[in-house]
Amino acid sequence: LTLLGICLFVVVFTIGITLIGKKFDRYFLPAYAPFDIIAALGWVALVNWIRKRKLTRLAKIGALVFLVIIIGSQILPAIQTFPYYFPYYNPLMGGTKKAPGVMLIGWGEGLDQAARYLNEKENAENLHVTSWYSLGVFSYFFKGHSRNLHPGTTINTNEWKSFNSSDYAVIYVYQWQRKFPKPVVDYITNHTPEHTIWINGMEYARIFKIQNVPQ
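See below:
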């Protein structure tokens, strides 16, 4: 009865979260714990079933290999996306190729890589870089001076001056998905970035040298 209740909660919650207009993966987090319980009970039941069966030695080895493969299939995606984990998307639902087209992605993953790339530049300590999520996610790793890119849809004159006076700009996936701020994204993404950051097959950040972008 308890298991039935857990399953019912997962089904009802999934239907409810699917019907709402605004969709973010974090909204589905309450269903993960019940899913884990259901999966654990299923694996325990399977192991107990195997133990009770009078199987040949070869069959037992085969069952053990099967379990190892199943466990490995759970571990492998975690290894592939380490150390971020958010960039994992169910391959049965289209995976990383489908995800950017159906939902907003990016919680700062990869900005540490962008910072480390820029840290390799000559005189990096004196560079001025405009970046999305600059305060914390980017600035924590960057040696130089970071400037936050305005999160709204518009940008004023002073913000334009700050952007244009930067040495580099780091444009994040969340920005070109939502066009934030639209004038900057439209202005700069028509040009070839100096470097791009990819995670698990998805492009997460583009690094532009401002001097190479026509003013």
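Per my numbering, the very first residue in the sequence shown carries number 427; after that it's consecutive.
The C-beta atom is built at its ideal place from N, Cα and C for all residues, glycine as well.
In angstroms with no decimal places, state the Cα-to-Cα distance between residue i and residue j.
{"i": "Arg573", "j": "Asp612", "result": "19 Å"}
{"i": "Lys587", "j": "Gly570", "result": "19 Å"}
{"i": "Thr583", "j": "Ile614", "result": "17 Å"}
{"i": "Val438", "j": "Ala465", "result": "18 Å"}
{"i": "Gly447", "j": "Glu629", "result": "26 Å"}
{"i": "Thr537", "j": "Glu620", "result": "Before going on, a small fix: residue 537 reads as Leu here, not Thr. Rounded to whole angstroms, Leu537 to Glu620 spans 15 Å at the Cα level."}
{"i": "Ser560", "j": "Tyr594", "result": "12 Å"}
{"i": "Gly532", "j": "Tyr600", "result": "6 Å"}
{"i": "Thr507", "j": "Leu493", "result": "23 Å"}
{"i": "Val491", "j": "Ser557", "result": "48 Å"}
{"i": "Tyr453", "j": "Ile443", "result": "7 Å"}
{"i": "Ala541", "j": "Gln500", "result": "31 Å"}
{"i": "Gly578", "j": "Tyr514", "result": "28 Å"}
{"i": "Asn590", "j": "His554", "result": "10 Å"}
{"i": "Lys547", "j": "Phe461", "result": "46 Å"}
{"i": "Pro517", "j": "Asn549", "result": "42 Å"}
{"i": "Ser565", "j": "Met519", "result": "35 Å"}
{"i": "Ala525", "j": "Trp624", "result": "14 Å"}
{"i": "Arg604", "j": "Trp475", "result": "51 Å"}
{"i": "Val436", "j": "His617", "result": "46 Å"}
Under three-state DSSP, which class holds residue i?
{"i": "Ser557", "result": "strand"}
{"i": "Thr649", "result": "With the chain running from 427 to 641 in the structure shown, residue 649 is simply not present."}
{"i": "Lys486", "result": "helix"}
{"i": "Tyr566", "result": "coil"}
{"i": "Leu481", "result": "coil"}
{"i": "Pro607", "result": "coil"}
{"i": "Gly498", "result": "helix"}
{"i": "Asn616", "result": "coil"}
Flag residue i as yes when its Cβ comes closer than 7 Å to any non-hydrogen atom of the ligand SAM, and as no otherwise.
{"i": "Ala465", "result": "Looking for the ligand SAM in the displayed structure turns up nothing, as the structure carries no ligands at all."}
What residue does the alpha helix (DSSP H) around residue i start on, and which one ends it?
{"i": "Lys635", "result": "Careful: Lys635 lies outside any alpha helix (DSSP H), inside the beta strand (DSSP E) at Met628 to Lys635."}
{"i": "Ala459", "result": "Tyr458 to Lys478"}
{"i": "Asn590", "result": "Thr583 to Asn590"}
{"i": "Ile432", "result": "Thr428 to Leu445"}
{"i": "Asn545", "result": "Leu537 to Asn545"}
What does DSSP give as the partner residues of residue i in its beta bridges?
{"i": "Ser572", "result": "Val555"}
{"i": "Ile597", "result": "Arg632"}
Mind listing, in chain order, the continuous alpha helix (DSSP H) runs of no fewer than 4 residues lying wholly within the segment 506–535? You should have 521–528.
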